[in-house]
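**Q** For the sequence shown, this note's numbering begins at 255 and goes up steadily by one. Idealized CB from N, CA, C, for every residue including glycine.
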Amino acid sequence: MRYLVDLHTHTTASGHAYSTIIETAQYAAKRGLQLFATTDHGPAIQGGPHAIHFRNLHIVPYVVEDVALLRGVELNIMPDGSVDLPDETLAKLDIVLAGFHGHYHPRCMEDDTNTLIKVMASGKVDIIAHPDNRTYQLDYQRLCEASLEYKVALEINASSVVVRPGSEDNLRTMLAVARKVGNPLSLGSDAHFAYKVGDFRSVMPFIEEAEIPACQIINVSPCAVLDFLESRGHKRIDELRERFEFA
């Protein structure tokens, strides 16, 4: 199965990534992607963009370099389980990811799992980013069940096994549980340089080993992604619907 949608990418706005939206779109086109999400870090991360960056994303067209894109964010989860953009800003975005970063120091399995479930239950977040991060030991049974209940996808992060070595066991455990629970999953390259957009090679063996059905991963098609986001209350993007439904 070849997935032609990447739901987690970064630009120079994140402060520690090295490509622009246009450069990412150009390489996405070369790789044959149909859709990608631009999801820079929320403002709490060191060097990250000001909140106005996200309020102003509406000026970015939905098609760049003949590749469709979604305007989004990867929020930082704070120690109290809150996130680092206000609701009125999140309401303007097409897709919202959230993950543990440097602001959230690991506590224990129960506390960290409870925090992620609190974030999912808030209704603000569509995808939990890199829940396989080796820094955190999570209860994947509870996490997958909450993912199913709240219809929030758990991300299979293609960068974790590369830049966070030691995350492989967490990924295997999460996918084994997800296969039984049937909760939604998403694929993200977490590209911090344009050349990595849509590159899922590092995680495909884990997906195949766990025998995850293609339909369980929302990236199975652009329309599946749009269906998922609309089911979560995001506005219908007619320009993208027409592009993919009548292609």
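By how many angstroms is the C-alpha of ILE382 removed from the C-alpha of SER268?
**A** Here residue 268 is taken as the residue at index 14 of the sequence shown, counted from 1. Here residue 382 is taken as the residue at index 128 of the sequence shown, counted from 1. Each residue's Cα considered, the two are about 18 Å apart.
**Q** For MET255, count neighbouring Cβ atoms within 10 angstroms of its own Cβ and tell me buried if that reaches 16, exposed if not.
**A** Translated into positions along the sequence shown, residue 255 becomes position 1. By the 10 Å Cβ count, MET255 comes out exposed.
**Q** Can you list, in chain order, the residues of its chain with a C-beta nearer than 7 Å to that of GLY353? Leave out the 5 residues immediately preceding and following it.
**A** The sequence position of residue 353 within the sequence shown is 99, counting from 1. Correct list, in chain order: GLU328, ILE331, ILE382, ALA383, HIS384.
**Q** Should ASN310 go down as buried or exposed, given a rule of 16 or more other Cβ atoms within 10 Å for buried?
**A** By one-based count along the sequence shown, residue 310 stands at place 56. Exposed, by the Cβ-count rule.
**Q** Between HIS446 and TYR272, what straight-line distance do the alpha-carbon atoms span, to the nearest angstrom?
**A** What you label residue 446 is simply residue 192 of the sequence shown in a count that begins at 1. What you label residue 272 is simply residue 18 of the sequence shown in a count that begins at 1. Computed Cα separation, rounded: 6 Å.
**Q** Measure from the alpha carbon of HIS295 to the alpha carbon of each residue in VAL350, ALA282, LEU324, LEU289, then state which is nearest.
**A** Translated into positions along the sequence shown, residue 295 becomes position 41. Considering only alpha carbons, the answer is VAL350.
**Q** Please name the residue, chosen from ILE275, GLY436, TYR257, that lies closest to ALA448 on a Cα-to-Cα basis.
**A** Indexing the sequence shown from 1 puts residue 448 at position 194. Out of ILE275, GLY436, TYR257, ILE275 has the C-alpha closest to the C-alpha of ALA448.
**Q** For the segment 295-369, list the alpha helix (DSSP H) runs that are entirely contained and at least 4 residues long, ordered along the chain.
**A** List check, alpha helix (DSSP H) in window: 305-309, 341-344.
**Q** Any idea if GLU409 is buried or exposed, counting beta-carbon neighbours within 10 angstroms, 16 or more meaning buried?
**A** Mapped onto the sequence shown, residue 409 falls at position 155. Classification of GLU409: buried, given that the 10 Å Cβ count is 16 or more.
**Q** Check the DSSP bridge columns for PHE290 and list the partner residues they point to.
**A** What you label residue 290 is simply residue 36 of the sequence shown in a count that begins at 1. ASP260, LEU323.
**Q** Tell me whether SER485 is buried or exposed, calling it buried when 16 or more other Cβ atoms sit within 10 Å of its Cβ.
**A** Indexing the sequence shown from 1 puts residue 485 at position 231. Result: exposed.
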